Amino acid sequence: MAWLTTITGYLTPIFLIMSPVLSYSDQAYSMHRSRSSAGFSLDIPLIMLVASLCRIFYYPGARFDVALLIQSLVMVVIQAILLKIALDNRPAPASKGGDGAVPFARANEGLWERARPYKFWQWRSSKPYWQFILSLFIGLTVCELILAPVHGVYPIYSSFIGYAGLTIEATLPLPQILANRRLRSCKGFRFSVLVSWLVGDAMKMAWFFTSSTSIPWAFKICGIFQAGCDSFLGVQYLMYGSGPSLPTVIKEHPLSEWPESQNPFASPNPHSSGRDTPLGRRTSATEKKI
């Protein structure tokens with residue numbers, strides 16, 4: 110089994126570095142081609158951007174495998190592109206006029222259908238999304254510069270953001286699981302993403318527990334939890350698929366089933382001479398004299 114461990118040690122880091130591109134490029138292209146991001150949870154870019162930024166700033170204190178650091182850097186770039194495409198192709202509001210005419214209005218999707226505090230990640234315009242990501246990056250940079258020289262505090266801070274980032278990343282499948290359950294469909298969520306997640310989980314589990322390099326237990330525990338959630342997503346895909354297509358039903362007026370002669374609202378006979386009474390009989394000579 111030594112040869113398997115050796116192969117895994119070489120292939121898994123390469124796969125991890127390329128996994129952001131392999132996982133999300135098809136999803137991004139699909140949304141761009143269809144001009145719609147319906148069915149795709151915007152919470153996925155949120156979770157991965159926050160988690161990846163925390164992992165990047167966790168590296169100076171933990172010094173884990175460089176492949177995991179490179180993966181985080183690539184993930185930030187890919188998720189930023191994915192978020193841009195998803196925002197540009199959000200489904201149009203159902204109503205017209207007022208708030209309904211504002212882009213990104215009624216964005217109740219993801220972890221909760223209800224409105225979130227301060228409408229977090231449910232904003233009408235795309236600008237606040239980028240402001241939040243930029244603010245997070247600046248905040249982490251400032252904390253790193255201030256706390257790094259403080260040797261008694263920095264290890265605690267570094268461990269905190271590391272575990273926080275990995276815990277957030279472990280919840281990645283949850284928004285999609287809840288969205289699939291609510292819609293009873295996996296439509297909009299690419300099968301290629303699911304396959305890449307499952308393959309990545311299998312390779313990560315093998316690498317985490319056989320690698321000779323430093324892999325903190327935080328990665329292992331969160332990886333096990335995420336693998337379980339990804340497996341449940343696979344069960345959902347088998348259960349729901351793309352979901353049933355509902356036929357369009359045009360409701361007719363209740364009087365449409367009445368016989369024309371008994372329908373008091375039926376339009377007059379186009380061939381009538383004007384001498385016909387509303388009841389359909391001709392006017393007699395006596396009635397005309399009256």
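Going letter by letter, the sequence shown gives residues 110 to 399 in this note's numbering.
Backbone N, C-alpha and C define an ideal beta-carbon position, used for all residues, glycine too.
Small disclaimer: the values here were computed from a predicted structure and weren't measured.
Identity of the residue in the options nearest residue i by Cα
i, options, result
"alanine 195", "Ala336, Ser139 and Ala311", "Ser139"
"arginine 233", "Thr319, Arg199 and Phe246", "Arg199"
"aspartate 152", "Phe229, Thr115, Phe124 and Pro122", "Phe229"
"serine 305", "Thr276, Ser321, Asp339 and Phe328", "Asp339"
"proline 284", "Pro122, Gly148 and Tyr133", "Gly148"
"isoleucine 286", "Phe124, Ser150, Arg142 and Tyr266", "Ser150"
"serine 143", "Met157, Asp197, Ser268 and Tyr167", "Asp197"
"alanine 273", "Cys163, Ser320 and Ser134", "Cys163"
"proline 169", "Phe317, Glu253 and Thr322", "Glu253"
"valine 175", "Thr121, Phe241 and Ser134", "Thr121"
"tyrosine 238", "Val159, Phe328 and Ser145", "Val159"
"leucine 191", "Gln345, Phe166 and Ser145", "Ser145"
"isoleucine 165", "Leu245, Val308, Pro258 and Ser321", "Leu245"
"isoleucine 277", "Thr250, Val259, Ala327 and Gly309", "Ala327"
"phenylalanine 124", "Val308, Phe173 and Tyr349", "Val308"
"leucine 155", "Tyr167, Phe241, Val344 and Val251", "Phe241"
Expected contact under 8 Å - CB spacing of residue i and residue j to nearest Å
i, j, result
"glutamine 136", "arginine 299", "5 Å"
"leucine 303", "leucine 347", "About 11 Å separates the two Cβ atoms, so there is no contact after all."
"alanine 171", "glycine 261", "Alanine 171 to glycine 261, Cβ: 17 Å. No contact."
"methionine 312", "glycine 332", "Contact doesn't hold; Cβ gap of about 10 Å is too wide."
"isoleucine 126", "valine 183", "6 Å"
"alanine 279", "glutamine 335", "5 Å"
Cβ-heavy atom distance, residue i to the ligand MN, below 7 Å
i, result
"leucine 162", "Absent from the structure shown: the ligand MN. Ligands present: none."
Extent of the continuous alpha helix (DSSP H) run through residue i
i, result
"leucine 191", "175-197"
"isoleucine 333", "326-349"
"cysteine 252", "236-256"
"alanine 147", "Unbroken run through alanine 147: none, as it is neither H nor E."
"lysine 313", "300-317"
"proline 264", "263-279"
Simplified DSSP assignment, three categories, for residue i
i, result
"glutamine 285", "helix"
"glutamine 459", "What the structure shows of the chain is the stretch from 110 to 399, and residue 459 is not part of that stretch, so it cannot be assessed."
"phenylalanine 124", "helix"
"serine 204", "In this predicted model, serine 204 has a pLDDT of only 47, less than 50, meaning its place in the structure is not dependable enough to derive any value."
"arginine 164", "helix"
"leucine 292", "helix"
"valine 130", "helix"
"threonine 115", "helix"
"histidine 141", "helix"
"alanine 224", "coil"
"glycine 170", "helix"
Query raised in the report: Is there contact here, the stretch 287-294 with the stretch 167-181, by at least three beta-carbon pairs under 8 Å?
Result: No, because fewer than three Cβ pairs between the stretch 287-294 and the stretch 167-181 fall closer than 8 Å, the two stretches do not touch.
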